[in-house]
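Chemist:
Number of protein chains: 2
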Amino acid sequence: MRVGIIGIGLIGGSVAIDLRKEGFATQIIGVDSNQEHASKAVQLGIVDEVSSLEVCIERSDIVIVAIPVDHARDMVKSILDRSDKVIVMDVGSTKGGICELVRDHANRSNYIAAHPIAGTEYSGPESAFAGLFKDKLNIICEKDFILPEVLEVGLKLLSCLGSKVKFMGAEEHDKHVAYVSHLSHISSFALGITVLDIEQDEKNILDLAGSGFSSTVRLAKSSPDMWTPILQHNSKHLIGALDAFIDQLHDFKTLLKNEKTTELHALMTKANKVQEILEGKTTNHEN
Amino acid sequence: MRVGIIGIGLIGGSVAIDLRKEGFATQIIGVDSNQEHASKAVQLGIVDEVSSLEVCIERSDIVIVAIPVDHARDMVKSILDRSDKVIVMDVGSTKGGICELVRDHANRSNYIAAHPIAGTEYSGPESAFAGLFKDKLNIICEKDFILPEVLEVGLKLLSCLGSKVKFMGAEEHDKHVAYVSHLSHISSFALGITVLDIEQDEKNILDLAGSGFSSTVRLAKSSPDMWTPILQHNSKHLIGALDAFIDQLHDFKTLLKNEKTTELHALMTKANKVQEILEGKTTNHEN
Numbered sequence: 017m018r019v020g021i022i023g024i025g026l027i028g029g030s031v032a033i034d035l036r037k038e039g040f041a042t043q044i045i046g047v048d049s050n051q052e053h054a055s056k057a058v059q060l061g062i063v064d065e066v067s068s069l070e071v072c073i074e075r076s077d078i079v080i081v082a083i084p085v086d087h088a089r090d091m092v093k094s095i096l097d098r099s100d101k102v103i104v105m106d107v108g109s110t111k112g113g114i115c116e117l118v119r120d121h122a123n124r125s126n127y128i129a130a131h132p133i134a135g136t137e138y139s140g141p142e143s144a145f146a147g148l149f150k151d152k153l154n155i156i157c158e159k160d161f162i163l164p165e166v167l168e169v170g171l172k173l174l175s176c177l178g179s180k181v182k183f184m185g186a187e188e189h190d191k192h193v194a195y196v197s198h199l200s201h202i203s204s205f206a207l208g209i210t211v212l213d214i215e216q217d218e219k220n221i222l223d224l225a226g227s228g229f230s231s232t233v234r235l236a237k238s239s240p241d242m243w244t245p246i247l248q249h250n251s252k253h254l255i256g257a258l259d260a261f262i263d264q265l266h267d268f269k270t271l272l273k274n275e276k277t278t279e280l281h282a283l284m285t286k287a288n289k290v291q292e293i294l295e296g297k298t299t300n301h302e303n
Numbered sequence: 017m018r019v020g021i022i023g024i025g026l027i028g029g030s031v032a033i034d035l036r037k038e039g040f041a042t043q044i045i046g047v048d049s050n051q052e053h054a055s056k057a058v059q060l061g062i063v064d065e066v067s068s069l070e071v072c073i074e075r076s077d078i079v080i081v082a083i084p085v086d087h088a089r090d091m092v093k094s095i096l097d098r099s100d101k102v103i104v105m106d107v108g109s110t111k112g113g114i115c116e117l118v119r120d121h122a123n124r125s126n127y128i129a130a131h132p133i134a135g136t137e138y139s140g141p142e143s144a145f146a147g148l149f150k151d152k153l154n155i156i157c158e159k160d161f162i163l164p165e166v167l168e169v170g171l172k173l174l175s176c177l178g179s180k181v182k183f184m185g186a187e188e189h190d191k192h193v194a195y196v197s198h199l200s201h202i203s204s205f206a207l208g209i210t211v212l213d214i215e216q217d218e219k220n221i222l223d224l225a226g227s228g229f230s231s232t233v234r235l236a237k238s239s240p241d242m243w244t245p246i247l248q249h250n251s252k253h254l255i256g257a258l259d260a261f262i263d264q265l266h267d268f269k270t271l272l273k274n275e276k277t278t279e280l281h282a283l284m285t286k287a288n289k290v291q292e293i294l295e296g297k298t299t300n301h302e303n
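Those protein sequences? They're chains A and B, same order as listed. Numbering-wise (this note's numbering), the first sequence opens with residue 17 and increments by one. Numbering-wise (this note's numbering), the second sequence opens with residue 17 and increments by one.
#1: Going along chain B, which residues have a C-beta under 7 Å from residue 234 of chain A?
#2: By how many angstroms is the C-alpha of residue 238 of chain A removed from the C-alpha of residue 228 of chain A?
#3: Does residue 182 of chain B pass the burial test, meaning 16 or more other C-beta atoms within 10 Å, or should it be called exposed?
#4: Can a CB atom of chain A be found closer than 8 Å to the CB of residue 223 of chain B?
#5: Nearest-angstrom Cα distance between residue 95 of chain A and residue 167 of chain A?
#6: Spatial neighbours of residue 200 of chain A within its chain, please: CB distance less than 8 Å, with the 5 preceding and 5 following residues excluded, ordered by chain position.
#7: Look at the alpha carbon of residue 286 of chain A and the alpha carbon of residue 263 of chain A, and state the distance between them as a whole number of angstroms.
#8: Please identify, using Cβ separations under 9 Å, the residues of the stretch 151–165 of chain A that lie next to chain B, in order along the chain.
#9: Which chain B residues are close to residue 277 of chain A, counting only those with a beta carbon under 7 Å from its beta carbon?
#10: Could you compute how far the alpha carbon of residue 23 of chain B sits from the alpha carbon of residue 17 of chain B?
#11: Using the Cβ count rule (16 or more neighbours within 10 Å means buried), how would you classify residue 266 of chain A?
#12: Among residues of its own chain, excluding the 5 on either side of residue 118 of chain B, which ones have a beta-carbon nearer than 7 Å to its beta-carbon?
#13: Is any beta-carbon of chain B found at less than 8 Å from that of residue 179 of chain A?
#14: Need the endpoints of the beta strand (DSSP E) that residue 129 of chain A sits in, please.
#15: If you reduce the DSSP assignment to three classes, tell me which class residue 291 of chain A lands in.
#16: Can you tell me the Cα-Cα spacing of residue 232 of chain B and residue 225 of chain B, whole angstroms?
#17: Identify, in the order they occur along the chain, each residue of the same chain with its Cβ nearer than 6 Å to the Cβ of residue 257 of chain B, setting aside the five sequence neighbours on each side.
#18: Check residue 20 of chain B in the structure and name its three-state DSSP category.
#19: If you drop the 5 nearest sequence neighbours on each side, which residues of the same chain put their C-beta closer than 7 Å to that of residue 137 of chain B?
#20: Could you check where the beta strand (DSSP E) with residue 106 of chain B kicks off and where it finishes?
#21: Can you tell me where the beta strand (DSSP E) holding residue 153 of chain B begins and where it ends?
#22: By the 10 Å Cβ neighbour count, where 16 or more other Cβ atoms means buried, how is residue 139 of chain B classified, buried or exposed?
#23: Are residue 244 of chain B and residue 281 of chain A touching if we call contact CB-CB under 8 Å?
#24: Would you identify the three-state DSSP class for residue 183 of chain A, choosing helix, strand or coil?
#25: Fully enclosed by the stretch 162–209 of chain B, which alpha helix (DSSP H) runs are 4 residues long or longer?
#26: Ignore the nearest five residues each way along the sequence and tell me which others in residue 241 of chain A's own chain have a CB closer than 7 Å to its CB.
#27: Give me whichever residues DSSP pairs with residue 46 of chain A in a beta bridge.
#28: Please compile the residues from chain D whose C-beta is within a distance smaller than 9 Å of the C-beta of residue 135 of chain B.
#29: Need the endpoints of the beta strand (DSSP E) that residue 78 of chain B sits in, please.
#30: What's the call for residue 11 of chain B, buried or exposed, on a 16-neighbour Cβ count within 10 Å?
#31: Examine the Cβ distances between the stretch 47–54 of chain A and the stretch 169–177 of chain A and report whether three or more of them are shorter than 8 Å.
#32: Is it buried or exposed, residue 290 of chain B, if we count other Cβ atoms within 10 angstroms and call 16 or more buried?
#33: Less than 6 Å between C-beta atoms, sequence neighbours within five positions excluded: which residues of the same chain meet that for residue 57 of chain B?
#34: Is it buried or exposed for residue 15 of chain A, if we count other Cβ within 10 angstroms and need 16 for buried?
#35: If you draw a straight line from the C-alpha of residue 44 of chain A to the C-alpha of residue 78 of chain A, how long is it?
#36: For a contact meaning CB atoms closer than 9 Å, what does residue 83 of chain A contact in chain B?
Put into structure tokens, the structure is as follows:
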């Protein structure tokens with residue numbers, strides 16, 4: 017199958033590597049507005065060639081859109097406008113807006129709204145690697161709008177990546193990722209800034225940071241280019257999640273202030289459960 | 017040298033393992049109020065024997081206090097009350113209260129207020145391992161109160177652990193760790209609870225959690241028994257840190273609400289710097 021990859025970064029590049037390795041892709045054409053990334057992707061053998069969008073659409077059986085979600089929205093529509101044959105799959109982290117935009121499109125049934133729950137804090141084609149999606153969950157939203165034979169191709173592609181598939185409504189998806197992904201990113205960014213600000217007054221405070229702090233701010237390394245549109249597109253659900261998080265922090269502060277140690281202990285014991293669930297979670301993905 | 021270990025958990029146990037390995041300790045006597053931990057520590061060969069506190073003090077040249085900070089405070093004083101010979105080192109995460117309590121004690125100069133910046137989210141003697149402190153920073157507070165030959169023993173002990181040593185005032189220490197350690201813990205606990213609460217309404221939301229979320233809530237696994245007194249003892253500095261963190265989260269929320277994407281991008285770009293500093297940080301510890 018001839019595969020087009022729009023955006024050859026961490027996600028697009030890792031998809032390309034696995035699809036070639038598994039024999040799904042016989043030819044891979046890349047498109048990237050960043051010329052440096054495009055050349056690097058050819059040089060690394062991630063794609064066979066880079067081309068214009070037009071050529072890529074014309075010569076591909078399936079096109080994967082792996083660019084920031086604000087551009088992905090227009091890109092998916094633009095590809096559906098240009099071709100009634102090519103299958104389009106986008107892999108962005110928000111799904112509500114894009115699904116709504118193309119809901120009544122004549123070629124809607126050629127579009128697969130996907131979200132692989134995988135990634136690292138790195139970006140660009142050099143960060144791509146084989147096996148990024150192995151045993152990771154991939155959400156497909158609004159499956160009933162997809163032509164059965166199109167969905168079949170999509171599922172075959174995801175199985176080549178080693179992904180586990182879950183179907184979900186687009187709004188439901190966006191709400192869930194607001195809590196378990198986007199909120200974590202904001203928490204990391206905000207914690208990073210809080211400590212940088214105090215460091216200005218109290219030199220070398222970061223010298224005392226242990227591995228716990230590093231783990232908690234790991235996501236503060238994430239790309240602002242990628243995350244600005246994600247947060248913006250999911251602001252409706254994210255503001256609710258932020259409110260709930262701020263409320264929890266206020267609870268901790270109030271208990272500390274009032275020396276309510278029993279309640280503080282109970283709150284931390286409750287939090288311990290999230291790790292128990294996460295550790296048992298991998299077995300719950302088969303569906 | 018005969019070493020006493022009060023509290024044979026992750027920290028006390030790991031100290032014991034390294035001190036024996038490096039030949040610093042010729043005999044190790046453990047004390048633990050948890051009988052199961054005490055037996056386990058003997059069984060694992062971490063300590064040679066367990067005894068009462070009295071016997072341990074009498075037969076040790078140096079006693080390491082590695083119990084929750086609320087008990088550590090009274091324990092250090094109690095040991096100084098009982099002996100004018102034994103060297104006492106505590107390894108708790110807060111230092112202001114304990115240093116203040118013993119400041120005018122007749123045997124103050126036998127006491128080393130230490131804080132190794134190392135640990136994992138696990139606890140108990142089974143979690144102890146060799147090399148936990150290697151290349152990690154160890155803070156010693158109020159060094160000028162320590163007898164030079166006592167300090168020398170303490171520094172030799174820390175060098176056997178492979179620690180790097182930094183001297184600091186007790187209040188300064190507590191403020192710094194409020195930001196780079198204690199705040200991270202509260203952030204993880206609070207994020208964990210926020211997601212557990214929404215999971216009650218929206219089943220299986222945790223199915224969508226990726227490695228980013230896991231990393232951000234890793235510390236939510238930490239022991240409430242250990243962390244309740246730490247947070248309580250450092251509440252003065254921690255409340256300031258929490259206020260600053262909540263302010264940052266409010267900033268993110270306001271920018272999202274008002275669709276200020278340029279400012280949102282700038283804020284995340286600023287946060288990226290914390291990772292750059294952390295990655296370059298290891299070279300700054302030599303002092």
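Glycine included, every Cβ here is placed at the ideal spot set by N, Cα and C. Quick caveat: nothing in here was measured; it's all calculated off a predicted structure.
Modeler: This is what the structure holds:
#1: The answer, in chain order, is 231.
#2: Looking at the backbone, the Cα of residue 228 of chain A and that of residue 238 of chain A are separated by about 18 Å.
#3: Burial call: buried.
#4: Under the Cβ criterion of 8 Å, residue 223 of chain B is counted among the residues facing chain A.
#5: About 17 Å.
#6: These residues qualify, in order along the chain: 235.
#7: One C-alpha to the other measures close to 16 Å.
#8: Going along the stretch 151–165 of chain A in chain order, one finds 152, 153 and 155 with a Cβ nearer than 9 Å to chain B.
#9: What residue 277 of chain A touches in chain B: 244 and 248.
#10: If you draw a straight line from the Cα of residue 23 of chain B to the Cα of residue 17 of chain B, it is about 19 Å long.
#11: It counts as exposed.
#12: Excluding residues within five positions, the ones whose Cβ falls inside 7 Å are 92, 93, 96, 124 and 127.
#13: Chain B contact via Cβ: absent.
#14: Residues 127–132.
#15: In the structure shown, the three-state DSSP call for residue 291 of chain A is helix.
#16: Their Cα atoms are separated by approximately 11 Å.
#17: Excluding residues within five positions, the ones whose Cβ falls inside 6 Å are 194, 195 and 199.
#18: If DSSP states are grouped into helix, strand and coil, residue 20 of chain B belongs with the strands.
#19: 234, 235, 237 and 238.
#20: Segment 103–106, the beta strand (DSSP E) holding residue 106 of chain B.
#21: 153–157 is the extent of the beta strand (DSSP E) around residue 153 of chain B.
#22: Classification for residue 139 of chain B: buried.
#23: Yes; because the gap between Cβ atoms is below 8 Å, this pair is in contact.
#24: Three-state result, residue 183 of chain A: strand.
#25: As summarised for the stretch 162–209 of chain B, the continuous alpha helix (DSSP H) elements at least 4 residues long and confined to that stretch are 164–177 and 186–193, given in chain order.
#26: Residues 84 of the same chain have their beta carbon placed closer than 7 Å to that of residue 241 of chain A, with the five preceding and five following residues left out of the count.
#27: DSSP, once it has assigned bridges, lists A/21 and A/66 as partnering residue 46 of chain A.
#28: Absent from the structure: chain D. Protein chains present are A and B.
#29: Residue 78 of chain B -> beta strand (DSSP E) spans 78–81.
#30: As shown, chain B starts at 17 and ends at 303. That puts residue 11 of chain B outside it, with no answer to give.
#31: No: fewer than three Cβ pairs fall under 8 Å.
#32: Looking at its Cβ environment, which holds 16 or more other Cβ atoms inside 10 Å, residue 290 of chain B is buried.
#33: Answer for residue 57 of chain B: 24, 46, 63 and 141, listed in chain order.
#34: An answer regarding residue 15 of chain A cannot be provided, because it is not within the stretch 17 to 303 covered by chain A.
#35: Cα to Cα, residue 44 of chain A sits roughly 10 Å from residue 78 of chain A.
#36: Correct list: empty, because the minimum Cβ distance to chain B is about 16 Å.
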